[in-house]
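There are 2 protein chains.
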Amino acid sequence: MHEEMRRAFTMLAGKWKLEIMWLLNQRTHRFGELRKQIPGITQHMLTSQLRELEADGLVVRTVFAEVPPRVEYEMTDKARGLGPTMQALTAWWEQYGHTLPPRPSARGRKPSGPAAPRETGS
Amino acid sequence: MHEEMRRAFTMLAGKWKLEIMWLLNQRTHRFGELRKQIPGITQHMLTSQLRELEADGLVVRTVFAEVPPRVEYEMTDKARGLGPTMQALTAWWEQYGHTLPPRPSARGRKPSGPAAPRETGS
DNA sequence: ACGGATAGTATGGAAGATGTGACTAATGGG
DNA sequence: CCCATTAGTCACATCTTCCATACTATCCGT
Numbered sequence: 014m015h016e017e018m019r020r021a022f023t024m025l026a027g028k029w030k031l032e033i034m035w036l037l038n039q040r041t042h043r044f045g046e047l048r049k050q051i052p053g054i055t056q057h058m059l060t061s062q063l064r065e066l067e068a069d070g071l072v073v074r075t076v077f078a079e080v081p082p083r084v085e086y087e088m089t090d091k092a093r094g095l096g097p098t099m100q101a102l103t104a105w106w107e108q109y110g111h112t113l114p115p116r117p118s119a120r121g122r123k124p125s126g127p128a129a130p131r132e133t134g135s
Numbered sequence: 014m015h016e017e018m019r020r021a022f023t024m025l026a027g028k029w030k031l032e033i034m035w036l037l038n039q040r041t042h043r044f045g046e047l048r049k050q051i052p053g054i055t056q057h058m059l060t061s062q063l064r065e066l067e068a069d070g071l072v073v074r075t076v077f078a079e080v081p082p083r084v085e086y087e088m089t090d091k092a093r094g095l096g097p098t099m100q101a102l103t104a105w106w107e108q109y110g111h112t113l114p115p116r117p118s119a120r121g122r123k124p125s126g127p128a129a130p131r132e133t134g135s
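Chains as they are written, first to last, in my numbering: chain A, 14 to 135; chain B, 14 to 135.
Below is the structure:
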């Protein structure tokens, strides 16, 4: 049932989590790489999102005792099971992405909806 | 490369969008059905998330001229291409979901304190 | 000793996303 | 007349995220 799934949705519903997981699904990244790959994200947000993913058991954080410091983020085995999901998402976008409307995510919308089709004939 | 994908992430990054799309991927729902299926969501949020999905060309909104009103939400053909993604996500959760740590994400859906009741204007 | 590099933590005000109850519209039943 | 129903809308409250800045810690080069 989808009540079980709710946990999964919550884990991935963050504003940046899908993108982070998508990148980590390709390869291990270090902190600074993720920050460059995701323009617009701040250190603060990247840190907190990664911590949440780590707490959810999706990401492993490895600190190397080097100077300058190096921290790598890697998917766990569990999260690697998301590979097919990511591939399916990528394939979907390749197929349909370019057919979507230009930039409609703005809050404004058209004043009136389509004419109501009278279905049940009342 | 993945800059193209960013559009897809944005479209699905809303707090409730994955869950809504997962439900609509199964079948057409009317407004009230979605509201019951997604405990915790408010009318306001359900409306706005659906409007965004509609604006992104992922769902179709059909208003039936009946009383009481009936509005049905259905996936577009484009969004139906997400089927494999949803299936992969479901399969992943069935396989790994129960192995995840008890620690829920900090951003989890928890009820907030009682909002200060506003003075009903006289 | 100082600054550069990396990966953070901490703070604070602003912007944006989300949450809440109250309210509307049309119609049938009591 | 009043209530129930359904799918919203509205004004406002609160939570999350943004963004800049400041600070920590280590080692190397100067």
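Even glycine gets a Cβ: it sits at the ideal position worked out from N, Cα and C. Just so we're clear, the structure is a prediction, and the values are computed from it rather than from any experiment.
- About 5 angstroms separates the beta carbons of F22(A) and L31(B), which is inside the 8 angstroms limit, making them a contact pair.
- For E87(B), the three-state secondary structure derived from DSSP is strand.
- Scanning its chain for C-beta atoms nearer than 8 angstroms, with the 5 sequence neighbours on each side dropped, one finds around R43(B) the residues R83, V84, E85, Y86, in chain order.
- Checking the DSSP bridge columns, you'll see H42(A) partnered with Y86(A).
- For T55(B), no alpha helix (DSSP H) run applies, since DSSP gives it neither H nor E.
- Ranking T112(A), A101(A), D69(A), L102(A) by CA distance to the CA of T112(B) puts D69(A) first.
- At a cut-off of 8 angstroms between beta-carbon atoms, E17(A) makes contact with chain B.
- Pairwise C-beta distances place the region 88-97 of chain A in contact with the region 93-108 of chain B, as three or more of them are shorter than 8 angstroms.
- Bounds of the beta strand (DSSP E) holding T75(B) are 72-77.
- Of all residues in the region 81-95 of chain A, those with a C-beta nearer than 7 angstroms to a C-beta of chain B are K91, G94, L95, reading in chain order.
- Inclusion of Q50(A) and L36(A) in the CB contact set at 8 angstroms is warranted, their separation being smaller than that value.
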